[in-house]
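Participant:
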Amino acid sequence: NESLADFRDRVSVDLRAKVILSQVKRAKRKAISLLDGDTKDQFKMMWDYCNEMDRINPGSTIRMKFTDNEVPRQPYKFKRICICFVACKFDFKAGCRKIIGVDGCWLKGPIHSVAAKATTEQQFIVYMNHMFELDPNVAAWCNEKEPSQWTMTYFSSDAKSDMLLNNVCEVYNNMILDARDKTILTLLEKKRYLLMARTLANREKAEQWNLGDVCPKIKDILLKNQKATGEYIPRKSNQWNYEIIGASIMDNWAVDLEKRTCSCRKWTLTGIPCKHAIAAIWANREDTLDYVHDSYKVETYRKIYKNAIFSMNGLQIWPKSNKHPLLPPRSLTSTKRRKKEEKKS
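Below, the structure written as structure tokens:
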């Protein structure tokens with residue numbers, strides 16, 4: 001994006017006239033107003049927008065919160081809005097893993113995140129002791145935090161995820177970055193279009209995959225685990241139970257194919273057979289794909305993106321609301337330049 005100073009210089013050269021920065025700022029505000037609409041006018045149309053949204057995507061959840069105006073008998077001031085499209089609700093219930101992204105941070109440096117990556121309580125204790133030897137202050141800081149919030153040792157197996165990083169949220173934040181400094185309706189419409197286009201793209205992509213297969217990225221993980229399986233020897237206990245023997249006595253693992261568990265807990269956490277589980281599955285003469293959690297299968301992926309987010313009409317034909325128009329929220333003027341990018345953890 002061209003800076004205001006560069007734009008001022010270019011206009012001065014093109015027009016052969018002196019242009020000051022304040023003129024450029026006013027021109028920019030006017031141009032944005034012509035393109036995106038006046039801020040106050042857009043807030044006045046919020047009720048109409050919600051009516052149109054509910055009309056084309058019936059069943060969607062639309063909640064708007066506002067505050068009382070300081071002046072009696074005056075319109076309310078907009079505070080926030082929450083929109084959950086009916087397609088997203090149905091798709092999430094159709095087979096998505098039970099994950100809701102929130103902001104977080106992770107360890108860096110020589111100790112990296114070994115304690116966070118530990119999947120068993122014994123591993124966690126060993127790694128924490130090692131961390132204490134390297135840096136007692138860091139270990140003490142970690143001990144102050146609830147382990148269930150940052151180490152896989154205490155992660156629930158319901159979500160079928162071992163994600164430690166915040167990549168899901170960061171990808172979404174990057175998607176909407178260009179929309180974050182727009183006026184309210186322009187911002188909401190950009191987000192709706194992004195979701196509509198992404199849903200369509202994933203639906204069409206899934207149509208190219210074999211129905212009885214697992215998703216490509218999961219297949220890559222399986223192949224990686226399969227290559228590591230050669231390091232282990234399976235010893236059968238009964239129809240479902242195996243002891244997987246590694247190179248040392250400390251590298252033995254118990255696998256239960258019926259319960260789909262391994263004592264390393266990686267299979268339990270992710271729903272993807274670990275290298276120990278694959279050794280047992282092969283020894284049982286079965287297909288590894290049969291033991292992958294349903295969330296990762298192409299059939300489930302197609303169900304998740306089956307529903308569409310429908311297109312909207314222009315504001316000229318939106319259903320009119322009888323409610324009082326809303327006012328913009330109170331502006332908190334700052335002397336500092338507003339930042340679009342998030343601070344790095």
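In full-length UniProt numbering, the protein residues as written are 1 to 345.
Cβ coordinates follow ideal geometry from the N, Cα and C atoms, glycine included.
None of the values given here were measured: they were computed from a predicted structure.
Can you have a look at S3 and say buried or exposed, based on whether 16 or more other CB atoms are within 10 angstroms of its CB?
Facilitator: It counts as exposed.
Participant: Figure out for me which residue from G271, P234, D41, L327 has the closest Cα to the Cα of D294.
Facilitator: Out of G271, P234, D41, L327, G271 has the C-alpha closest to the C-alpha of D294.
Participant: Cα-Cα, which of A228, L188, G246 is closest to I81?
Facilitator: Cα-wise, what sits closest to I81 is L188.
Participant: Near D6, which residues of its chain fall below 8 Å by C-beta distance, leaving aside the five closest residues on each side in sequence?
Facilitator: No residues qualify anywhere along the chain.
Participant: Measuring straight from C-alpha to C-alpha, what distance separates L326 and M46?
Facilitator: Approximately 7 Å, taken between the alpha carbons.
Participant: Can you check which of these residues, N174, A94, A279, is closest to residue 351 by C-alpha distance?
Facilitator: The question about residue 351 has no answer, for the chain in this structure spans 1 to 345.
Participant: Counting only runs of 4+ residues fully inside the segment 248-302, write out the alpha helix (DSSP H) ranges in chain order.
Facilitator: Segments of the alpha helix (DSSP H) lying fully in the segment 248-302: 266-270, 275-283.
Participant: To which residues does DSSP link P234 through a beta bridge?
Facilitator: According to DSSP, P234 bridges with I244.
Participant: From V19 to S12, what does the alpha carbon distance come to, in whole angstroms?
Facilitator: Whole-angstrom Cα-Cα distance: 6 Å.
Participant: How many angstroms separate the CA atom of G51 from the CA atom of K297?
Facilitator: The residue asked about is misnamed: residue 51 is Asn in this sequence, not Gly. Straight-line Cα distance between these residues: approximately 37 Å.
Participant: T199 lies in the alpha helix (DSSP H); which residues open and close that run?
Facilitator: 184-206 is the extent of the alpha helix (DSSP H) around T199.
Participant: Measure from the alpha carbon of S263 to the alpha carbon of each residue in I244, I281, I249, S248, then state which is nearest.
Facilitator: That would be I244, whose Cα lies nearest to the Cα of S263.
Participant: Locate the alpha helix (DSSP H) running through F85, then write down its first and last residues.
Facilitator: Here F85 belongs to no alpha helix (DSSP H), and DSSP marks it neither H nor E.
Participant: I'd like to know if the segment 304-321 and the segment 226-234 are in contact, where contact means that at least 3 CB-CB pairs between them fall below 8 Å.
Facilitator: Flag = no, the segment 304-321 and the segment 226-234 do not touch.
Participant: Residue 353: buried (16+ other C-beta within 10 angstroms of its C-beta) or exposed?
Facilitator: Since the first and last residues shown for the chain are 1 and 345, residue 353 lies out of range.
Participant: Starting from F43, trace the alpha helix (DSSP H) in both directions and tell me its first and last residue.
Facilitator: Residues 39-44.
Participant: So P329 and K79 are in contact, right, with Cβ under 8 Å, and what is the actual spacing, rounded?
Facilitator: About 6 Å; that satisfies the 8 Å criterion.
Participant: Please list the terminal residues of the continuous beta strand (DSSP E) segment that includes I62.
Facilitator: Segment 61-67, the beta strand (DSSP E) holding I62.
Participant: My understanding is that I304 touches G59, with C-beta atoms under 8 Å, so please give their C-beta distance in whole angstroms.
Facilitator: Actually they are not in contact, since the Cβ atoms of I304 and G59 sit about 17 Å apart, beyond 8 Å.
Participant: Exposed or buried, T61, counting other C-beta atoms within 10 Å across all chains shown (16 or more means buried)?
Facilitator: Result: exposed.
Participant: Measuring CA to CA, which of I233, K89, I317 is closest to N284?
Facilitator: Checking every option, the nearest Cα to that of N284 belongs to I233.
Participant: Closer than 8 Å by C-beta to V292: which residues in its own chain qualify, once you throw out the five before and the five after it? Chain order, please.
Facilitator: Contacts found: V214, I218, L222, G271, I272, P273.
Participant: Using a 10 Å radius around the Cβ and a threshold of 16 neighbouring Cβ atoms, would you call D287 buried or exposed?
Facilitator: Under this definition D287 is an exposed residue.
Participant: Check for me: the alpha helix (DSSP H) holding K227 runs from which residue to which?
Facilitator: Here the alpha helix (DSSP H) through K227 covers 216-228.
Participant: Is the beta carbon of E231 sitting closer than 8 Å to the one on A206?
Facilitator: No, the Cβ-Cβ distance between E231 and A206 is not below 8 Å.
Participant: Do K160 and R97 have their CB atoms nearer than 8 Å?
Facilitator: Yes, the pair counts as a contact, with Cβ atoms nearer than the cut-off.
Participant: Using alpha carbons as the reference points, say which of M196, I317, D178, M53 lies closest to I83.
Facilitator: Answer by Cα proximity: M53.
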